[in-house]
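Colleague: As they're listed, the protein sequences go chains A and B. With our numbering applied, the first sequence covers 1 to 315. With our numbering applied, the second sequence covers 1001 to 1287.
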Amino acid sequence: MTQDNKIVFENVSKFYGEVLGVNHVNLVLPPGVTSLVGPNGSGKTTLMNLLTGLVRPTQGSVTVLGLTPNDPEEFFRRVGYCAQFDSFPKGVTGYEFIFQSLRVRGLHTPECHRLTREAIERVSLGDAAGRRVAGYSKGMRQRIRLAQSIAHHPTVLVLDEPLNGLDPMARAESIALFEALGKEGLHVVISSHVLHEVDKISDHVVFMSYGYVVAEGKIHGVRSEVKEHPMQILVRCSKPSVLASKLFSQDHVVEAKLNDDGKGLLVRTQDADQFYLLLNQIVLQEDLALEAVAPADDDVNSLYQYLIGSDGASV
Amino acid sequence: MTTLTSARQFFREAPWQQWTAQLLAIMGIEVRKNFLTRRSIWIYLVALGPLVLIGGHDFLDTRWDAEQMRRDTEILAGIFQLYYLRLGMFFGCMGLFTWLFRGEVVEKSLHYYFLAPVRRELLVLAKFLAGTVSATIIFGVAVFLSFVLLYLPYGESGRAFVFSGPGLGHLAAYLGVTGLACLGYGAIFIAFSLVIRNPIIPGAFVLLWETFHPVFPSLLQKLSVMFYLKQLCPVAIAPEGMMALFTVVAAPVSAWIAVPGLILLSAAIMVFACTRIRHTEINYLAD
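(1) At the level of alpha carbons, what is the spacing between R1119 of chain B and G80 of chain A?
(2) If I measure Cβ to Cβ from L1110 of chain B and keep anything under 6 Å in the same chain, skipping five residues before and after, which residues do I get?
(3) Whose C-beta lies closer than 6 Å to the C-beta of I1201 of chain B among residues of the same chain, with five residues either side of it excluded?
(4) Output yes or no for whether 7 Å exceeds the beta carbon distance between F1091 of chain B and G1131 of chain B.
(5) If you check the beta carbons only, do H204 of chain A and T34 of chain A fall under 7 Å apart?
(6) Do P240 of chain A and L265 of chain A have their CB atoms nearer than 7 Å?
(7) Are F1189 of chain B and M1270 of chain B touching if we call contact CB-CB under 7 Å?
(8) Can the beta-carbon of Q274 of chain A be found less than 7 Å from the beta-carbon of H252 of chain A?
(9) According to DSSP, is G309 of chain A part of a helix, a strand, or is it coil?
(10) Please check if any C-beta of chain B sits within less than 7 Å of the C-beta of Y81 of chain A.
(11) When the Cα atoms are used, what is the spatial distance from H220 of chain A to I7 of chain A?
(12) So, for L1171 of chain B: in the same chain, excluding its five sequence neighbours on each side, which residues have a beta-carbon less than 6 Å away from its beta-carbon?
(13) Find the nearest neighbour of V254 of chain A within the set A:R268, A:D261 and A:G262, judged by alpha-carbon distance.
(14) Roughly how many whole angstroms lie between the Cα atoms of I190 of chain A and S1218 of chain B?
(15) Taking just the CA atoms, how far does E1240 of chain B sit from C1233 of chain B?
(16) Taking C-alpha atoms, which residue in A:D86, A:F75, A:Y136 and A:E173 lies nearest to E121 of chain A?
(17) Any chance the stretch 1022 to 1035 of chain B sits against the stretch 1120 to 1128 of chain B, with 3 or more Cβ pairs inside 8 Å?
(18) Apply the 10 Å Cβ neighbour rule to D299 of chain A and answer buried if 16 or more other Cβ atoms are within range, or exposed otherwise.
(19) Any C-beta of chain B sitting closer than 7 Å to the C-beta of S13 of chain A?
(20) With distances taken from CA atoms, which of B:L1122, B:L1051 and B:V1259 is nearest L1145 of chain B?
(21) What first and last residue would you give for the alpha helix (DSSP H) that runs through G139 of chain A?
(22) Secondary structure at G130 of chain A, three-state DSSP: helix, strand or coil?
(23) Give the single residue among B:P1153, B:R1276, B:L1100 and B:L1085 whose Cα lies nearest to the Cα of L1207 of chain B.
(24) Within the 7 Å Cβ cut-off, does E1281 of chain B reach chain A?
(25) To the nearest angstrom, report how far apart C1274 of chain B and A1007 of chain B are at their CA atoms.
(26) Rank A:G94, A:R103, A:R105 and A:E184 by C-alpha distance to the C-alpha of A147 of chain A and give the top, closest one.
(27) In whole angstroms, what separates the C-alpha of C237 of chain A from that of K263 of chain A?
(28) Determine the extent of the alpha helix (DSSP H) in which T1136 of chain B is found, giving its start and end residues.
(29) Specify, as a first and last residue, the run of the alpha helix (DSSP H) that F1080 of chain B falls within.
(30) Anything in chain B within Cβ reach of S87 of chain A, meaning under 8 Å, just list it in chain order.
(31) Helix or strand or just coil, what does DSSP make of V189 of chain A?
(32) Relative to the C-alpha of F1080 of chain B, which candidate in B:E1121, B:A1142 and B:R1038 has its C-alpha closest?
(33) Reducing DSSP to helix, strand and coil, say where Q100 of chain A ends up.
(34) Taking only the alpha-carbon atoms, compute the straight-line gap between G185 of chain A and T52 of chain A and give it to the nearest angstrom.
(35) Against T52 of chain A, what residues of chain B qualify as contacts under a CB-to-CB distance less than 8 Å, listed in chain order?
(36) Could you name the residues of the same chain whose beta carbon sits closer than 6 Å to that of Y16 of chain A, not counting the 5 residues immediately before and after it, in chain order?
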């Protein structure tokens, strides 16, 4: 019952002939921004295509807000998908591209015009809307496809590499848009190679490798599950050497390294919760002036390195 | 009883208005695409080719008497049955209908339709109707112009043949057969395009089937589009020599059976196409 506002993958596998797309995927995605992270060929796009019914699972089932693509009329009223295919119907202008896709939905002409204008405004393409898409730059094509996928006000928005080809300004605008949509209660599922930007807006993250889901959940939750890599915490305080000496006596503290400026230290611990409790005690006992405490590797990029093994920035 | 009740309920509750709006929207997009794409140029040339022949005949011939008109009527029947029905419309429909879905796959734009809240069966139907309308207009105009160009030089006697004689009936029959041919061939080729990537092999098979159907058993003959169309043509061609293969109707049926027969055959093929599209996946890389 409670799955009716979630995206649910139940034991989903997809094979293209003998080639594995994804295997035994079990996921429940709540509203908010979810990022799919993984190297090329890890199954991100397959997972998105399965979610939107462009491909059918070889095994298992996918439901989105309790619906399946077998009921396309209701399903695609709620779902918008900006796929990675950089292709368009021949000869259309940006405006026609969105307008036609709304007409196909069976909407009345005035409503189609209104929604088209609104979507184009939302991606800041007003000046170029009357030009043919074939003459657009890569970033403009990306934005017009994004506009097309949000024009009908979906409750689930699936975006495959939506930041590809965007200039820094457009990228920042798009990220702000995704964040706003996530806060409005939409499901926003994003795959992106730009990990540090995805990191800023993701409520949930799904790590994929070779067709398998390696880890999933809230970033902090996933980080705490990665036991073999001690958590790194940056502490800015007075008397960091005192703090370091106190920490060394604890079993869960693997390393405490003083900063070069002498105003803080980097701690590696296998139990972050224990560390925070201990830190409170030491601060009170030793009368330390605490300036800042922040996890140093509690982000998508670090998790990518730990779980998948390569440098996320170079994906 | 239960099936009947659920069918009734379906027809009562189905969103007909929504479906009609979607059907018309898709048809509008597709018809425009069919007419304006550069790929259609060769179909225009195939359709309008005989006009050059008839125009040359008008220019060079000087006899415009009743005997010549009788011969020209037979020539038009020959052009229609042997060129338009067997070649022009066949290949024109093959090019047009197979491209309705294949074109979208090649241009990687089919997913936009698949991501719209449209039943895939409705998408097939809309594309099929758009193709039928486009092909019927192209070949209908060509046949109409052929007819006009053939009888125009006859002046008063030509007008009498058309308006007081059988001429107008012939024209109506030619145009009707043109529409039915586009419907029948269209259904075959749209279904093939959903099953096989390269339309040339199935196209060759259908061409052979349509050509040699007169030698098949009676039941198999009825699975041929030409079987129905031949007997709807207003002027028979003399079955002489090898031509008999193209003109003879071994077990003729009346127009009252031929027309619904062809529509039923097309509908059956379209049901298959609709079943097929439900399982179609977007995998452009494989294409």
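Glycine included, each C-beta is placed from N, C-alpha and C at the ideal position.
Modeller: So, from the data block:
(1) Per the coordinates, the alpha-carbon of R1119 of chain B lies some 16 Å from the alpha-carbon of G80 of chain A.
(2) For L1110 of chain B, where only same-chain residues beyond five positions count, the Cβ hits under 6 Å are E1104.
(3) When the five nearest sequence neighbours on each side are left out, no beta carbon in the same chain lies closer than 6 Å to the beta carbon of I1201 of chain B.
(4) Taking 7 Å as the cut-off, the beta carbon of F1091 of chain B is found no closer than this to the beta carbon of G1131 of chain B.
(5) With a cutoff of 7 Å on beta-carbon distance, H204 of chain A and T34 of chain A are scored as near each other.
(6) Contact flag set, yes.
(7) Contact: no.
(8) Against a cut-off of 7 Å, the Cβ pair of H252 of chain A and Q274 of chain A comes out as a contact.
(9) In this structure, DSSP gives G309 of chain A a state outside helix and strand, which the three-state scheme calls coil.
(10) Flagged as an interface residue toward chain B: Y81 of chain A, by a C-beta distance shorter than 7 Å.
(11) Rounded to whole angstroms, H220 of chain A to I7 of chain A spans 21 Å at the Cα level.
(12) So the list reads F1147, once near-sequence residues are dropped.
(13) Checking every option, the nearest Cα to that of V254 of chain A belongs to A:R268.
(14) Their backbone Cα atoms lie some 59 Å apart in a straight line.
(15) Cα to Cα, the separation comes out at about 18 Å.
(16) Residue A:E173 is the option with its Cα nearest to E121 of chain A.
(17) The way I'd put it, the stretch 1022 to 1035 of chain B does touch the stretch 1120 to 1128 of chain B; three or more beta-carbon pairs between them come closer than 8 Å.
(18) Classification for D299 of chain A: buried.
(19) Not one beta carbon of chain B lies nearer than 7 Å to the beta carbon of S13 of chain A.
(20) Each of B:L1122, B:L1051 and B:V1259 was checked against the Cα of L1145 of chain B, and the nearest Cα belongs to B:L1051.
(21) Element bounds for G139 of chain A: K138 to I150.
(22) For G130 of chain A, the three-state secondary structure derived from DSSP is coil.
(23) With distances taken between Cα atoms, L1207 of chain B lies closest to B:L1085.
(24) Closer than 7 Å to some Cβ of chain A, the Cβ of E1281 of chain B qualifies, so yes.
(25) Near 19 Å, if we compare the C-alpha coordinates of A1007 of chain B and C1274 of chain B.
(26) Per the Cα distances, A:G94.
(27) So the two alpha carbons sit approximately 6 Å from each other.
(28) Looking at the DSSP string, the run of the alpha helix (DSSP H) that includes T1136 of chain B is R1120 to Y1151.
(29) Taken as a continuous stretch (DSSP letters only), F1080 of chain B belongs to no alpha helix (DSSP H), as it is neither H nor E.
(30) The contact set of S87 of chain A on chain B, defined by CB atoms closer than 8 Å, consists of E1107, K1108 and S1109 in chain order.
(31) In the three-state reduction of the DSSP assignment, V189 of chain A falls in the strand class, which pools E and B.
(32) The shortest C-alpha separation from F1080 of chain B is found at B:A1142.
(33) Reduced to three states, the DSSP call for Q100 of chain A is helix.
(34) Rounded to the nearest angstrom, the two C-alpha atoms are 19 Å apart.
(35) Ordered by position in chain B, the residues that pass the 8 Å Cβ test against T52 of chain A are L1115.
(36) Closer than 6 Å at Cβ, skipping near neighbours: no residue.
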